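*Asks:* Numbering (the numbering used here), first residue to last: 3 to 335.
#1: Could I get the ranges of all uninterrupted beta strand (DSSP E) runs contained in the stretch 10–75, with 3 residues as the minimum, in chain order?
#2: Alpha carbon to alpha carbon, how far is residue 153 from residue 287?
#3: For residue 2, count neighbouring Cβ atoms within 10 angstroms of its own Cβ and tell me buried if that reaches 16, exposed if not.
#4: From this set, 314, 78, 325 and 181, which residue's C-alpha is nearest residue 116's C-alpha?
#5: Check this for me: beta carbons of residue 26 and residue 35, under 9 Å apart or not?
#6: Going by DSSP in three states, residue 1 sits in which element: helix, strand or coil?
#7: Only counting the same chain, and skipping five residues up and downstream in sequence, which positions put a Cβ closer than 7 Å to that of residue 278?
#8: Based on Cα-Cα distance, which residue from 132, 92 and 83 lies nearest to residue 110?
#9: Straight-line CA distance for residue 209 to residue 263?
#10: Measuring only the C-alpha atoms, how far is residue 319 from residue 232?
#11: Label residue 173 either buried or exposed according to how many other C-beta atoms from any shown protein chain fall within 10 Å of its C-beta, with 16 as the threshold for buried.
#12: Leaving out the 5 sequence neighbours to the left and right, which residues in its chain are closer than 6 Å to residue 132 when beta-carbon positions are compared?
#13: Which parts of the stretch 180–234 are runs of the alpha helix (DSSP H), unbroken and 4 residues or longer, counting only runs that do not cross its ends?
#14: From residue 212 to residue 238, what does the alpha carbon distance come to, in whole angstroms?
#15: Which partner residues does residue 163 have in the DSSP bridge list?
#16: By the three-class DSSP mapping on this structure, what secondary structure does residue 275 have?
#17: So what's residue 327 in DSSP terms, helix, strand or just coil?
#18: Threshold first: 3 residues or longer. Then list the beta strand (DSSP E) segments lying entirely within the stretch 81–161, N to C.
#19: Have a look at 103, 123, 41 and 236 and flag the residue whose alpha-carbon is nearest the alpha-carbon of residue 163.
#20: Any idea what DSSP makes of residue 280, helix, strand or coil?
#21: Quick check on this structure: which residue in 285, 22, 219 and 65 has the alpha carbon closest to the alpha carbon of residue 299?
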């Protein structure tokens, strides 16, 4: 569906954006791929690896609605990946996080509507489910904006959806590169925030493939959640540094012991499919179907049981230490 189409990626120089561009170029023949981001150096560096004739690099910030509106002219699909994501930085700079993650989301929506973009998928995070930190709260607000945008669209054909998933292996700022740096530096211990901590685990490629598939599945208004394994942080440390002692340092401000992707409070709106969940919008759409047990690919889902919650602790799928080693190694490819 991406052949001869124009795709714009906000925050396109990030880990996800690079992998997304690489995958699009390998599998499809797009008309244009527009990387929209604010860092000229990162764009220059990305151009050295991705200089296909269909590539376009636009300097711009999602806070700038006029620049977004100009950038989306003639665009068919938008992936909104731009965000301020560091939890401590968001706590210390709350208004900056709000301007990018909430106001920026509104700007993306309005620019997409103004240019009759066909489909928009916004990337979310497990931290948006029952948030306890500002980053998660801003992403929850962003999710709500993209869901409600399907009503705001009115007579426009633009549809919006959200993809939510957990920790991305080896992405910038994630725990794997941090642990690896400590190992390389010969540190005498690996810091563990809590010995019982668990996290959802997904590779960049899995995240990209999930987003690509959901462009085909989406009806508009859904939050897509993949079924992915959990890991224990202690097992991750053991897999990466089996001969280095672990030291518990305590949970950081705004950090959860376990992450949630489908809250139990939303069980009445949650559908289970073979390889993913869908959280249907709580609001009713005046011009779109409110039936989310069958998607655009005619895949069928079913309502989850009352009280169901998809969290990293109760997840039936856990990775062993050996599986973590193999998975992390493959994720680097």
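Here a beta-carbon is modelled for each residue, glycine too, at the ideal position from N, C-alpha and C. Since the model is a prediction, treat every value here as computed from it, not as a measurement.
*Replies:* Short version:
#1: 34–39 and 57–61
#2: As a working note, residue 153 is residue 151 in the chain shown. As a working note, residue 287 is residue 285 in the chain shown. Near 6 Å, if we compare the C-alpha coordinates of residue 287 and residue 153.
#3: The structure shown does not extend to residue 2, since the chain is modelled only from 3 to 335, so the question has no answer here.
#4: Position 114 of the chain shown, counting from 1, holds the residue named residue 116. For the residues 314, 78, 325 and 181, the minimum Cα distance to residue 116 belongs to 78.
#5: Locating residue 26 in the chain shown gives position 24, counting from the first residue. Locating residue 35 in the chain shown gives position 33, counting from the first residue. Result yes, Cβ atoms of residue 26 and residue 35 sit closer than 9 Å.
#6: The structure shown does not extend to residue 1, since the chain spans only 3 to 335, so no value can be given for it.
#7: As a first step, residue 278 is located in the chain shown; it is residue number 276 there, counting from the start. Only 226, 227, 228 and 229 meet the Cβ criterion.
#8: Position 108 of the chain shown, counted from the first residue, corresponds to residue 110. Comparing Cα positions, the closest option is 83.
#9: Counted from its first residue, the chain shown places residue 209 at position 207. Counted from its first residue, the chain shown places residue 263 at position 261. Distance between the alpha carbons of residue 209 and residue 263 is about 15 Å.
#10: Along the chain shown, read from residue 1 onward, the residue named residue 319 stands at position 317. Along the chain shown, read from residue 1 onward, the residue named residue 232 stands at position 230. Rounded to the nearest angstrom, the two C-alpha atoms are 6 Å apart.
#11: Stepping through the chain shown from its first residue, residue 173 is reached at position 171. So residue 173 ends up on the buried side.
#12: Locating residue 132 in the chain shown gives position 130, counting from the first residue. Once the five neighbours on either side are set aside, the close Cβ partners of residue 132 are 262 and 265.
#13: 206–219
#14: Taking the first residue of the chain shown as position 1, residue 212 is located at position 210. Taking the first residue of the chain shown as position 1, residue 238 is located at position 236. Those two C-alpha atoms are separated by around 24 Å.
#15: Here residue 163 is taken as the residue at index 161 of the chain shown, counted from 1. Bridge partners of residue 163: 123.
#16: Counting from one through the chain shown, the residue named residue 275 turns up at place 273. Three-state result, residue 275: coil.
#17: Along the chain shown, read from residue 1 onward, the residue named residue 327 stands at position 325. In the structure shown, residue 327 sits in a helix (DSSP, three-state: H, G or I).
#18: 121–125
#19: The count along the chain shown starts at 1 and reaches residue 163 at position 161. Taking only the C-alpha atoms, the option nearest residue 163 is 123.
#20: What you label residue 280 is simply residue 278 of the chain shown in a count that begins at 1. DSSP places residue 280 in strand when its eight states are reduced to three.
#21: Reading the chain shown from its first residue, position 297 is the one you call residue 299. Nearest option by C-alpha distance: 219.
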